[in-house]
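There are 2 protein chains.
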Amino acid sequence: MTSPVLLIIDPAGTIATADPDAPQVSVLDLGVTRGDGVFESIGVVGGRAQALEPHLTRLARSAAMLDLPVPDLDVWREAVLRSIELADDTAPELLVKLVYTRGIEGSASAAPTGWVHLFEAGGFDEERTAGIAVVTLDRGYRSDVRDTSPWLLQGAKTLSYAVNKAALREAARRGADDVIFVSTDGIVLEGPNSTVIALLDGVYVTTPDSLGVLEGTTQAAFFADVESRGGSTAYRAITVDELHAATALWLASSGRQIAPVATLDGEPVAQEPALTAAGVEALLAR
Amino acid sequence: MTSPVLLIIDPAGTIATADPDAPQVSVLDLGVTRGDGVFESIGVVGGRAQALEPHLTRLARSAAMLDLPVPDLDVWREAVLRSIELADDTAPELLVKLVYTRGIEGSASAAPTGWVHLFEAGGFDEERTAGIAVVTLDRGYRSDVRDTSPWLLQGAKTLSYAVNKAALREAARRGADDVIFVSTDGIVLEGPNSTVIALLDGVYVTTPDSLGVLEGTTQAAFFADVESRGGSTAYRAITVDELHAATALWLASSGRQIAPVATLDGEPVAQEPALTAAGVEALLAR
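Protein chains in written order, with this note's numbering: chain P, 12 to 297; chain L, 12 to 297.
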């Protein structure tokens, strides 16, 4: 069992250890009063932070979309690595969560709040092998809102995830484990915490971030592995009809790596267990 | 100057004073990691909490939409009243914020986090008299999403307000003070923190909550005052064209009470200073 590690990053960039069981956040922090901040979750397997640079880059991109002060990625990288060094025991799989908020409301100067929180993860074997039950839910947006209405923050990984959590509760009400959001114009978007990968006519396909989804760090690593083995990948709009007709489907995320979709809206989905096993193995071995 | 008062409500319903300048929230609290909670802001004028019961009712309704444990409104009412009693000096205008989150992630039992935070408000005179510059922004949703997609939580006052804050920054970029969200099908919705009131053909009109907007507590009090003086009010869908042709427009919220819209998308809006003054006076005298 790995004890959680909490490191606070102050506005000057100083990293300090803190007690994760003690309160650390002000009731005036806009992170809690307005969900006004961004985050990342990074898998740590065998003591290695996975896709650390893509996660840091995405943190900075999300921050820019929210007009937050530019995060010092050298400091955040240092905090992630230090949290792993400080772990009293390295469980096979950990997660490091990075949280960066706008800070105390009404502060005279911009003083964002930041922390890095490392904790034990795992228990993903069942999802990675037996797969997950997924339902499609309407995200309510057209697929072009990233460009027409940037204030909707699609493509930013914000702390305002109440809708994502509500969608997962709706999935549970329908007897499912997870969700694939679709746009009002019938385009496949993403999961509340994951990237969709569809095997279509022998090509691994995912939704491009131009359609208002988060760039997937785990999906990118999976695509790199597929390509290294001679496979084909593509970023393009996937229709809901294509989703239902796919050879196989996966949801990719930092904790689970990839989980095969076993049922979609209550209907069985063909699975490719050998491809899944090879993908999980490659992703864990990064 | 009134010193802030913070009261923490524990899961058992016990109310305890706490230091508002000290950290009080865990980094594991879903309120901050996921914006997973609800809130209310109640105006306190001359020591009286305004529209206390409608605010408590709305807190419970928002909580229900998020499947949070049912809040004990007797405890919340007591906390609001006690925070006012504890104020060391009663400034003319205060605000009490109520925050209710899903609590610590991974807790064995549901143990929501709750607090009541009273602080001095004011400085609204300019907005109440000279008025505010407002821009319309596309909310990205159809006006029927409350019914078709309840997981989008439209009509709940959640902590996930990053989009509301981003919309206000977009307004500032356009040289404006505030926003009126409109639906993709051309219906007037609400402000990021306010209710829209339009004077149309002698009738005060606002958007009904069936169109996915928050029920307005200040707007309801304003309508009650208008009706008590023989005026006409209505809840119905307002089109964007009607908005631009209105006799006058106001945004209603707990802090400002009502603020007249001076310009809409850069164009001057007719104002009714006598109606505004009478409305503000009645709302402050509640």
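Ideal Cβ placement from N, Cα and C applies to all residues, glycine included.
Measure the C-alpha to C-alpha separation of S265(P) and D212(P) and round it to an integer number of angstroms.
26 angstroms
Per DSSP, which one or two residues make a beta bridge with W126(L)?
I19(L), V110(L)
Taking just the CA atoms, how far does I115(L) sit from S37(L)?
7 angstroms
Using a Cβ-based criterion (distance less than 7 angstroms to any ligand heavy atom), does Q35(P) qualify as near the ligand PLP?
Ligands displayed in this structure: none; no statement on the ligand PLP is therefore possible.
Show which residues of chain P have a CB atom less than 9 angstroms away from the CB atom of P31(L).
S37, V38, L39
Cross-chain neighbours of L174(L) in chain P, by beta carbon under 7 angstroms
For the record, residue 174(L) in the displayed sequence is Val; it is not Leu. Result: W162, L163, L164, S171.
DSSP three-state label for F234(L), please.
helix
Examine the Cβ distances between the region 207-224 of chain P and the region 252-269 of chain P and report whether three or more of them are shorter than 8 angstroms.
yes
Using C-beta distances below 7 angstroms, list every residue in its chain close to A270(P), excluding the 5 sequence neighbours before and after it, in chain order.
E138, R139, G142, I143, W261, L262
Residues bridged to S52(L) by DSSP?
K108(L)
If we cut at 8 angstroms on Cβ distances, does D158(P) have a partner in chain L?
no
So is M12(L) buried or exposed if we call it buried at 16+ other beta carbons inside 10 Å?
exposed
Under 8 angstroms between C-beta atoms, does Y111(P) make it to chain L?
no
Alpha-carbon spacing of R185(L) relative to G277(L), whole angstroms:
9 angstroms
If we ignore side chains and look at the alpha-carbon of each, how far apart do L97(L) and H66(L) end up?
20 angstroms
Same chain, Cβ closer than 7 angstroms to H255(L), neighbours up to 5 away in sequence not counted:
L275
Identify whether R8(P) lies in helix, strand or coil by the three-state DSSP scheme.
No statement about residue 8(P) is possible, as the shown extent of chain P runs from 12 to 297 and does not include it.
Run through DSSP, which three-state label would G202(P) get?
strand
Just grab the DSSP bridge partners of A263(P) for me.
T206(P), I269(P)
What residue range is occupied by the uninterrupted alpha helix (DSSP H) comprising S73(L)?
63-76
Cα-Cα separation, T159(L) to A245(P)
32 angstroms
Which residues mark the beginning and the end of the beta strand (DSSP E) in which V214(L) is found?
214-217
At which residues does the beta strand (DSSP E) containing I249(L) begin and terminate?
Element bounds for I249(L): n/a, residue is neither H nor E.
Name the chain P residues whose beta carbon is nearer than 8 angstroms to that of P253(L)?
In the sequence as displayed, the identity of residue 253(L) is Glu instead of Pro. What E253(L) touches in chain P: nothing, since even the nearest Cβ is about 22 angstroms away.
Please report the distance separating the alpha-carbon of D99(L) from that of S14(L).
7 angstroms
Give me the chain L residues within the contact set of L148(P), using Cβ-Cβ distance strictly less than 8 angstroms, ordered along the chain.
S160, W162
Residues near T169(L) in its chain [Cβ-Cβ closer than 6 angstroms; skip 5 each side]:
V49
Please classify V224(P) as buried or exposed, where buried requires at least 16 neighbouring CB atoms within 10 angstroms.
buried
In three-state DSSP terms, what is A285(P)?
helix
So with CB distances below 9 angstroms, who are the chain L contacts of E13(P)?
A small correction: the amino acid at residue 13(P) is Thr; Glu does not occupy that position in the sequence shown. Correct list: empty, because the minimum Cβ distance to chain L is about 15 angstroms.
Can you name, in chain order, every residue of its own chain whose Cβ lies under 8 angstroms from the Cβ of E313(P), other than the five neighbours on each side?
The first residue shown for chain P is 12 and the last is 297, placing residue 313(P) beyond what the model contains.
In terms of DSSP beta bridges, what is D40(P) paired with?
I115(P)
With a threshold of 16 other CB atoms inside 10 Å of the CB of T195(L), please say whether the residue is buried or exposed.
buried
Take the Cβ of P203(L) as the centre, count every other Cβ of all protein chains shown within 10 Å, and call the residue buried at 16 or more, exposed below.
buried
Identify which residue in G134(L), A296(L), A187(L), V193(L) has its Cα closest to the Cα of L163(P).
V193(L)
Name the two residues that bound the continuous alpha helix (DSSP H) containing T159(L).
156-159
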